[in-house]
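Residue numbers (mature numbering (1 follows the signal peptide of the UniProt record, and there is no 0)): -19 to -1, 1 to 246.
Backbone N, C-alpha and C define an ideal beta-carbon position, used for all residues, glycine too.
Note that the structure is predicted; figures quoted are calculated from it, not measured.
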Amino acid sequence: MKKSLILIFTILFNTFCFSQNKTGLIIYDIKYPNENKNANTVETRMYFNDTISASIAFSTKFYKNTKEGIEQDGEGLRVNFKYGDEKGEIIHRNFKKENITLRFPKTTAFDEFTVEDTWLKIDWKIQEDTTKIGNFNCKKAIGEFRDRTFIVWFTEEIPMPYGPWKLYGLPGLILQAEDKEKMFSVKFKSIEYPTSQVFEVNKPIEKEAKTLKDYVFAMDNYQDFLLEKLRAKMPREMASSLTKMPSKKDTNRTYKVEKIFEWEK
């Protein structure tokens, strides 16, 4: 009986529940590419320990303050849709197993789903430039990921290979980043390391799991999926009047962080 209790305790102790040892919480403001010049900046919290990092993005602006549905707007129709839920958008990385799992919230077009992404190592070139961000001395590095060039600042004072979004693999925590075209940017807000808080960040699981290729197709054709879902919710007469909008497909993915995927090269 005593041995059984010890075994149970050992298993529980080694779960993804983050302990005080080498555990931290960093908060970023992340701005994603968008055709709208007033693109929303999303606060993202990244929890990490010596094995796992989990970024959780949650926009209350989109989730709680947006009314979903279709409204009459003069002689036309205005479509309001939500993005987000209480769990938020999650990027969960297990560095020991080298896997990355994405979790996307429910939208008007899709229910919540997960994606197993490809673990890609970035070939960083560390520069001689240095700067100070907050209380940390930082070094500059440049690397390419899915056809975007990223300039990042990392600190070896926290020698962990983590970073915001899908940026990682340097000999220190990434505090700030932007792409060469200045469409994507990450600003450091605050950090608690080590932290006295205890976090439980498990690998996200949802009823639906898309492949990476299916996810990319869905995002490339999001407008079409959205229109189809809206028509299904509308009265027949109104649905027939909702015609397909002129195609504005971003074929070059100018307004997406990831421009070219592995199978497209």
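Report the option in the options whose CA atom is closest to the CA atom of residue i.
i, options, result
"Lys246", "Arg127, Arg26, Val182", "Arg127"
"Ile33", "Ala213, Val182, Tyr174", "Val182"
"Leu148", "Glu162, Lys102, Lys188", "Lys102"
"Thr82", "Asp98, Glu67, Gly69", "Asp98"
"Cys119", "Pro14, Phe180, Glu138, Thr88", "Glu138"
"Glu187", "Glu93, Tyr9, Gly5", "Glu93"
"Ile132", "Gly115, Ile114, Ile155", "Ile155"
"Glu125", "Asp104, Asp110, Glu109", "Asp104"
"Lys161", "Pro14, Thr4, Gly5, Gly150", "Pro14"
Would residue i be called buried (16 or more neighbouring beta carbons within 10 Å of its own) or exposed?
i, result
"Trp244", "exposed"
"Glu70", "buried"
"Arg74", "buried"
"Pro140", "exposed"
"Phe85", "buried"
"Asn21", "exposed"
"Gly65", "buried"
"Asn30", "buried"
"Gln157", "buried"
"Ser177", "exposed"
Please state the DSSP three-state secondary structure of residue i.
i, result
"Val182", "coil"
"Val197", "helix"
"Phe91", "coil"
"Phe76", "coil"
"Leu211", "helix"
"Tyr9", "strand"
"Tyr174", "coil"
"Phe169", "strand"
"Glu189", "strand"
"Asp205", "helix"
"Glu162", "coil"
"Trp244", "helix"
"Leu148", "coil"
"Glu97", "strand"
"Ile(-9)", "Reliability of the predicted coordinates at Ile(-9) is poor, the pLDDT of 35 falling under 50, and the value obtained from them is presented with this limitation in mind. Residue state, collapsed to three classes: helix."
"Thr32", "coil"
"Arg234", "coil"
"Thr111", "strand"
"Thr4", "coil"
Check for me: the beta strand (DSSP E) holding residue i runs from which residue to which?
i, result
"Val23", "22 to 29"
"Ile139", "Unbroken run through Ile139: none, as it is neither H nor E."
"Phe126", "117 to 126"
"Asp66", "Note, Asp66: premise wrong, no beta strand (DSSP E); not H, not E."
"Asp104", "Asp104 -> no beta strand (DSSP E), and no H or E assigned at all."
What distance in whole Å lies between the Cβ atoms of residue j and residue i, which are believed to be in contact at a cut-off of 8 Å?
i, j, result
"Phe165", "Thr136", "Rounded, the Cβ-Cβ distance is 20 Å, inconsistent with contact."
"Ile123", "Thr130", "7 Å"
"residue 249", "Pro145", "No statement about residue 249 is possible, as the shown extent of the chain runs from -19 to 246 and does not include it."
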